[in-house]
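This report concerns only the one structure given below.
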Amino acid sequence: TMEMKDSGSVVLTAYHPHSPARMAGMEQSFGQDIPPGHSPTSRKSLPRCGRVNRMLSNESTPPPPAFSRSSSQASMDSTSMEDFWCEVESIKESRADGAEEATLLEFKPADEGELEAEWLQDVGLSTLISGAEEEDGQALLSTLTRTQAAAVQKRYNTYTQTLRKKNKHTVRDVRDIFGTSDSSPPFEAVPVSPVPSNGLQLPGQKPVWKSVSSNSCLDCGLDKGSPSVTEELSYEVSFSESITVLPKVQEWPKTQRFKKEDSALPKFIVRKSRFGLTEVGALSPEDMKKIRYLSLLELTAFYDALGVELKRNRTERVRGRENGLFGVPLAILLENDQKKVPGIKVPLIFQKLLLKLEETGLETEGILRVPGSASRVKNLHQELEAKFYEDTFDWEQVRNNDAAGLLKMFIRELPSPLFTVEYLPAFITLVEKIPKIKLQLQALHLLIMLLPEANRDTAKAFLQFLKKVVANEGKNKMNLWNVSMIVAPNLFIYKGKRANQQEMQAAATTAHIVRLLIRYQDILWTVPSFLISQVRKMNEAAMNNSKRQLMFDKGVRKLLRRKTMERERPERPEGAVTFPPYLQPDIPEGVIRVYAPLHSKVSMAIQLNSQTKAKDILARFHCENSHGSSLNTRGQIQSLHEIGGNIGQHCLDPDAYMLDVYHANPQAEWVIKPKAS
Numbered sequence: 001t002m003e004m005k006d007s008g009s010v011v012l013t014a015y016h017p018h019s020p021a022r023m024a025g026m027e028q029s030f031g032q033d034i035p036p037g038h039s040p041t042s043r044k045s046l047p048r049c050g051r052v053n054r055m056l057s058n059e060s061t062p063p064p065p066a067f068s069r070s071s072s073q074a075s076m077d078s079t080s081m082e083d084f085w086c087e088v089e090s091i092k093e094s095r096a097d098g099a100e101e102a103t104l105l106e107f108k109p110a111d112e113g114e115l116e117a118e119w120l121q122d123v124g125l126s127t128l129i130s131g132a133e134e135e136d137g138q139a140l141l142s143t144l145t146r147t148q149a150a151a152v153q154k155r156y157n158t159y160t161q162t163l164r165k166k167n168k169h170t171v172r173d174v175r176d177i178f179g180t181s182d183s184s185p186p187f188e189a190v191p192v193s194p195v196p197s198n199g200l201q202l203p204g205q206k207p208v209w210k211s212v213s214s215n216s217c218l219d220c221g222l223d224k225g226s227p228s229v230t231e232e233l234s235y236e237v238s239f240s241e242s243i244t245v246l247p248k249v250q251e252w253p254k255t256q257r258f259k260k261e262d263s264a265l266p267k268f269i270v271r272k273s274r275f276g277l278t279e280v281g282a283l284s285p286e287d288m289k290k291i292r293y294l295s296l297l298e299l300t301a302f303y304d305a306l307g308v309e310l311k312r313n314r315t316e317r318v319r320g321r322e323n324g325l326f327g328v329p330l331a332i333l334l335e336n337d338q339k340k341v342p343g344i345k346v347p348l349i350f351q352k353l354l355l356k357l358e359e360t361g362l363e364t365e366g367i368l369r370v371p372g373s374a375s376r377v378k379n380l381h382q383e384l385e386a387k388f389y390e391d392t393f394d395w396e397q398v399r400n401n402d403a404a405g406l407l408k409m410f411i412r413e414l415p416s417p418l419f420t421v422e423y424l425p426a427f428i429t430l431v432e433k434i435p436k437i438k439l440q441l442q443a444l445h446l447l448i449m450l451l452p453e454a455n456r457d458t459a460k461a462f463l464q465f466l467k468k469v470v471a472n473e474g475k476n477k478m479n480l481w482n483v484s485m486i487v488a489p490n491l492f493i494y495k496g497k498r499a500n501q502q503e504m505q506a507a508a509t510t511a512h513i514v515r516l517l518i519r520y521q522d523i524l525w526t527v528p529s530f531l532i533s534q535v536r537k538m539n540e541a542a543m544n545n546s547k548r549q550l551m552f553d554k555g556v557r558k559l560l561r562r563k564t565m566e567r568e569r570p571e572r573p574e575g576a577v578t579f580p581p582y583l584q585p586d587i588p589e590g591v592i593r594v595y596a597p598l599h600s601k602v603s604m605a606i607q608l609n610s611q612t613k614a615k616d617i618l619a620r621f622h623c624e625n626s627h628g629s630s631l632n633t634r635g636q637i638q639s640l641h642e643i644g645g646n647i648g649q650h651c652l653d654p655d656a657y658m659l660d661v662y663h664a665n666p667q668a669e670w671v672i673k674p675k676a677s
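Mapping of the sequence shown onto full-length UniProt numbering: residues 1 to 677, in sequence order.
As structure tokens, this is what we get:
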């Protein structure tokens, strides 16, 4: 079993403590997660894993008395973590052999108030710092929920109080900016309806789980041995607003146990709303930028509601290579690759390594766990750097275990971790401080939404591969926990510094994070609908602000007045109703015109009813064009897209009910085109 307790903290190497006192406190929290007698810098004598096995044996000496167990540690019994320690040893030896060169991440301590200023900028509210009336910032403020507004108020107040103490310049009170009184909230929050508890219950109460069976949902469970109950997740209301019953910290169970067996993880489903589900790649880059703003806002509000501190690292500078394959920042590597293959989202070398393993390695016993030859991997690494882009590298010579070693090396060699330096502490905190897997999953979901596009797409490809490895457990002997233990040190003990005791201590914690990522990946790469609703409101607010700005422009007003006088109709009856363009009398309500530029029949007017789905419209176009479709559509997945109005671009779920989407965005255009890969 895994044991998780309720106080204290775990810090990875990536975490930069913002106060000296924190380091002193950390020295008291090293303990049983580190195998007895193990020293991160001790590497002599015993061969790999033999040394680790000695550490894990019952004959090992007890841990030094200077260290005591942290009361918050997620821990496993030592023997269940053997694969983790073997992988750590393998990583250390590969670095000692010179196969991996260190690329250091430089950290800069945060001055008081700087963290809050950075947070306000990262959520798109730099307008509160600069004082400028930026449209995006004002639009964002108009969409905040109650808990999100409270999170902004808390950080802004801390920021302004710090500036006053430093006497940098006069800072307006938050009430002055938003014209509020002492008794009213500083932001006008979007009202929400009462919702059921988000899974938290007072001590002694039993959680209420719903057994659900439906085809119209996203199912993230287990194929065999799954729990008898299924828990339903809702995307309709923000996670932070859903927390209505919160026990006091001292009332939380001090010890929470969950088994490492795959069947111990709950089964979650997300029931589709009338709007369907939206994958991460289904929104425009502009709207995904707003999703990132909102996700950080919501994550902060979520942690605040749970009474948990959201910690972030501050990276001053990342030094990495600008060309080559390994040790190149993801964004630069993708930029180089896109010159060769436009539009790709995952680096070519990473795709090729995954493809090699999927074609020949999924059934290899101990794949990922059994290391390849260190000398062969080193030579292959050098050969790939020289020959990959020339297409002269011989992939037939690469053994499966060596390919797995190269794959893990690629991840470790990234100058910045795949899950980013900034948010590694938040990943650890969601396990160490949040007691329920459902809440951990919601926090993890928001963290995935926060990732840069290149990191998120690469992580998705990697996790899809790991899911296939686990699916072949019968032949490769690698179950979910085995894979998670092997992958965790490669993702969370990164190359900026050597592995130390804090990282060792977080072993079980990081392995649990990886298994959540693998098991629930279909949920995690779906954009919560409440965030999309907020994006729509942001876009509408920005459009309204632009319209108001135009109306106050004197030149525009004069032009409009003259045009109005020229077109005025004196016979117009009193009380006549003016319809917006989408409700003109000659355009029936509920009728949309769908464009399909790649089909022989390029447009069609379609009458919607309450049961019309996006896939029905696609089927109708397919039927109409079955004998004359353009060659451009062959072999491509066609999807219906919502474009313009209060959304940039939105690839619709085939199960989306079109009348509902139409009412949410009546000014949109509707286009059938290939789905983005």
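Note that the Cβ used here is the ideal one computed from N, Cα and C, for glycine as well.
- In the DSSP assignment, HIS663 falls within the alpha helix (DSSP H) that extends over 658-664.
- The beta carbon of TYR159 is closer than 6 Å to those of GLY113, GLU116, ALA117 in its chain, skipping five residues each way along the sequence.
- Counted as a single uninterrupted DSSP element, the alpha helix (DSSP H) harbouring ILE411 occupies residues 400-413.
- For GLU232, the uninterrupted beta strand (DSSP E) run begins and ends at 230-233, by DSSP.
- When only Cα atoms are considered, LEU652 and ALA282 end up about 7 Å apart.
- Between GLY366 and ASP402, the CB-CB gap reaches or exceeds 8 Å.
- Under the three-state reduction of DSSP output, GLU363 falls in the coil class, being neither helix nor strand.
- In terms of CA proximity to GLU322, LEU414 leads the group LYS460, LEU414, ILE606.
- Boundaries for LEU277: no alpha helix (DSSP H) harbours it, and the DSSP string shows neither H nor E there.
- Membership of LEU640 in the beta strand (DSSP E) is indicated by the continuous run 638-644.
- In its chain, beyond the 5 residues on either side, HIS599, SER600, LYS601 have a beta carbon closer than 6 Å to the beta carbon of ASN625.
- In the three-state DSSP reduction, TRP525 falls in the coil class, being neither helix nor strand.
- Of the other Cβ atoms in all chains shown, fewer than 16 fall within 10 Å of the Cβ of ILE637; this residue is therefore exposed.
- Excluding sequence positions up to five before and after ASN476, its CB lies within less than 8 Å of the CB of LEU362, GLU363, THR364, GLU365, GLY366, ILE367, VAL469, all in the same chain and listed in chain order.
- For GLU624, there is no enclosing beta strand (DSSP E); the residue is found in the alpha helix (DSSP H) stretching over 614-624.
- Linking SER240 to CYS86 through their CA atoms gives a straight-line distance of about 39 Å.
- With fewer than 16 other CB atoms across the displayed protein chains lying within 10 angstroms of its CB, ASN609 is exposed.
- Assignment of beta-bridge partners to ILE672 by DSSP yields LEU640.
- Burial check for THR526: the Cβ neighbour count within 10 Å reaches 16 or more, so the residue is buried.
- Within the same chain, Cβ atoms closer than 7 Å to the Cβ of ASN400 are found at LEU357, THR360, GLY361, THR364, ILE367, the five residues on either side in sequence being excluded.
- Here LEU297 has VAL123, GLN148 as same chain residues with Cβ atoms under 6 Å from its own Cβ, once five neighbours each way along the sequence are excluded.
- Classified as exposed, THR244 has fewer than 16 neighbouring CB atoms from the shown chains inside 10 Å of its CB.
- Collapsing the DSSP output to three states places MET478 in coil.
- Assigned with DSSP and collapsed to three states, ILE647 falls in strand.
- Just measuring C-alpha positions, the residue of GLU309, GLN611, SER546, LYS675 sitting nearest ALA426 is GLU309.
- Counting C-beta atoms within 10 angstroms of its own C-beta, ASP136 has 16 or more neighbours from the protein chains shown and is therefore classed as buried.
- Residue pairing for LEU283: DSSP places it in a beta bridge opposite HIS650.
- Only residues of its own chain outside the window of five on either side were considered, and among them ARG593, VAL594, ALA596, ARG620, PHE621, GLU624 have a CB closer than 8 Å to the CB of MET604, listed in chain order.
- A distance below 6 Å between beta-carbons, with the five flanking residues on each side excluded, links ALA541 to the following residues of its chain, in chain order: ALA139, SER142.
- By the C-beta criterion, the region 457-474 is judged not to be in contact with the region 380-391, since fewer than 3 inter-stretch pairs fall below 8 Å.
- Residue environment for SER416: buried (at least 16 other C-beta atoms within 10 angstroms of its C-beta).
- In the DSSP assignment, ILE513 falls within the alpha helix (DSSP H) that extends over 507-519.
- Boundaries of the alpha helix (DSSP H) around ARG376: 374-387.
- A check of alpha carbon separations from ALA443 across ILE486, LEU299, SER375 identifies LEU299 as the nearest.
- Distance from the CA atom of ALA614 to the CA atom of GLY343, rounded to whole angstroms, is 26 Å.
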